[in-house]
Amino acid sequence: MDSKKASALNHAELWTAWKEDGDLSAKKQLIEKYLHIVDYVSGRLAIGLPRNVSKGDLASNGVMGLIDAIDKFDYKRGLQFETYASWRVRGAILDSLRQGDWVPRSVREKAKKIETAYQQLEQKYLRTVSDTEMSEYLQVSEKEFRHMLQEVAVMTLNSLEDPIREEESETRMTLLVDEKAKNPDHKVHEFYLKEALIKGIGKLTEKEKTVVSLLYYEDLSLSEIAEVMSLSPSRISQLHSKAILRLRGALEKDKELLMHNE
Numbered sequence: 005m006d007s008k009k010a011s012a013l014n015h016a017e018l019w020t021a022w023k024e025d026g027d028l029s030a031k032k033q034l035i036e037k038y039l040h041i042v043d044y045v046s047g048r049l050a051i052g053l054p055r056n057v058s059k060g061d062l063a064s065n066g067v068m069g070l071i072d073a074i075d076k077f078d079y080k081r082g083l084q085f086e087t088y089a090s091w092r093v094r095g096a097i098l099d100s101l102r103q104g105d106w107v108p109r110s111v112r113e114k115a116k117k118i119e120t121a122y123q124q125l126e127q128k129y130l131r132t133v134s135d136t137e138m139s140e141y142l143q144v145s146e147k148e149f150r151h152m153l154q155e156v157a158v159m160t161l162n163s164l165e166d167p168i169r170e171e172e173s174e175t176r177m178t179l180l181v182d183e184k185a186k187n188p189d190h191k192v193h194e195f196y197l198k199e200a201l202i203k204g205i206g207k208l209t210e211k212e213k214t215v216v217s218l219l220y221y222e223d224l225s226l227s228e229i230a231e232v233m234s235l236s237p238s239r240i241s242q243l244h245s246k247a248i249l250r251l252r253g254a255l256e257k258d259k260e261l262l263m264h265n266e
């Protein structure tokens with residue numbers, strides 16, 4: 005099929021031309037049609053990343069994810085390609101970041117310290133702990149604690165948004181279940197993990213709940229959330245980090261209880 009004829013095809017016909025006839029011109033048009041997904045996903049991930057991470061590199065890896073999505077997508081199943089492509093693009097970018105080992109060990113250690121501190125203090129007091137209590141526990145000033153939160157912000161980018169199943173939109177936020185697990189009790193685990201997440205969200209401060217809701221459910225970027233809440237982007241980043249680390253602590257505690265009871 006020549007390029008002029010391919011350019012006249014509608015959306016469904018483009019998929020048919022590429023998948024059934026192997027028409028490279030149709031594939032090229034599909035890539036161009038969905039490039040906005042790469043721009044959107046790479047833009048969201050770029051917020052809070054170190055300056056040494058090039059936005060151009062993020063986009064380049066995202067394009068590879070988009071091409072992979074177009075190659076593997078089964079258009080006959082009636083699924084939303086945008087959702088599938090978003091996870092593929094996001095996954096390609098995150099894989100490139102992980103392979104580049106862009107997070108220093110010191111930052112990973114700080115994230116683990118904060119997560120453990122939230123877990124232990126909130127288990128001890130059975131309530132949401134303040135920044136002051138966290139600072140005292142970690143033996144740092146509140147200013148240093150806020151700086152730590154800013155540093156570990158890059159560690160929380162993919163904590164709740166990673167897809168559990170390919171080609172679908174379920175994430176840890178919605179399922180919280182290991183799809184590869186063969187244990188027949190996995191449904192019970194899923195129930196308790198959901199319960200743990202609900203309880204964990206319930207312990208967040210109102211601002212933290214708002215950030216999580218706007219980011220993961222309303223699909224706003226951190227900069228957009230900053231405008232909505234009339235706070236600085238750095239403050240939103242800190243609130244996001246605290247929320248994610250609290251939730252991770254809650255889920256980690258739940259996993260330990262499940263393992264202990266097995």
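Residue numbers (my numbering): 5 to 266.
Think of the CB as a built atom: it goes at the ideal place given N, C-alpha and C, for glycine as much as any other residue.
None of the values given here were measured: they were computed from a predicted structure.
If distances are taken between C-alpha atoms only, which option among the options comes closest to residue i?
i, options, result
"residue 150", "246, 256, 45 and 44", "246"
"residue 101", "217, 207 and 61", "61"
"residue 129", "226, 248 and 207", "207"
"residue 72", "58, 95 and 80", "95"
"residue 112", "249, 46 and 31", "249"
"residue 202", "255, 224, 215 and 236", "255"
"residue 35", "68, 109 and 44", "68"
"residue 219", "97, 133 and 49", "49"
"residue 65", "41, 81, 80 and 79", "41"
"residue 43", "98, 33, 133 and 59", "59"
"residue 27", "74, 70 and 63", "74"
"residue 204", "227, 122 and 24", "122"
"residue 33", "47, 46, 15 and 25", "15"
Suppose the cutoff is 8 Å on Cβ atoms and the five residues either side in sequence are ignored; what does the same chain contact list for residue i look like?
i, result
"residue 136", "146"
"residue 120", "253"
Quick one: what's got a C-beta closer than 7 Å to residue i's C-beta in the same chain, skipping five residues either side?
i, result
"residue 242", "150, 153 and 154"
"residue 77", "85 and 88"
"residue 163", "The predicted model places residue 163 with a pLDDT of 47, which falls under 50 and marks its position as unreliable; any figure quoted below should be read in that light. Here the set comprises 248 and 252."
Can you give me the start and stop residues for the alpha helix (DSSP H) that residue i sits inside?
i, result
"residue 135", "135–142"
"residue 65", "59–76"
"residue 207", "No alpha helix (DSSP H) holds residue 207; DSSP gives it neither H nor E."
"residue 80", "Segment: none, residue 80 is in no alpha helix (DSSP H) and carries neither H nor E."
"residue 47", "39–50"
"residue 100", "85–103"
"residue 21", "15–25"
"residue 125", "109–129"
"residue 230", "226–233"
Ordered along the chain, which non-local residues of its own chain (more than five positions away) have a Cβ less than 6 Å from that of residue i?
i, result
"residue 211", "243"
Could you round the C-beta distance between residue i and residue j to whole angstroms and report it? I think they count as a contact, below 8 Å.
i, j, result
"residue 156", "residue 114", "5 Å"
"residue 4", "residue 116", "The chain is shown from 5 up to 266; residue 4 falls before or after that span and cannot be answered."
Does the pairing of the stretch 18–31 with the stretch 73–88 give three or more beta-carbon distances under 8 Å? yes
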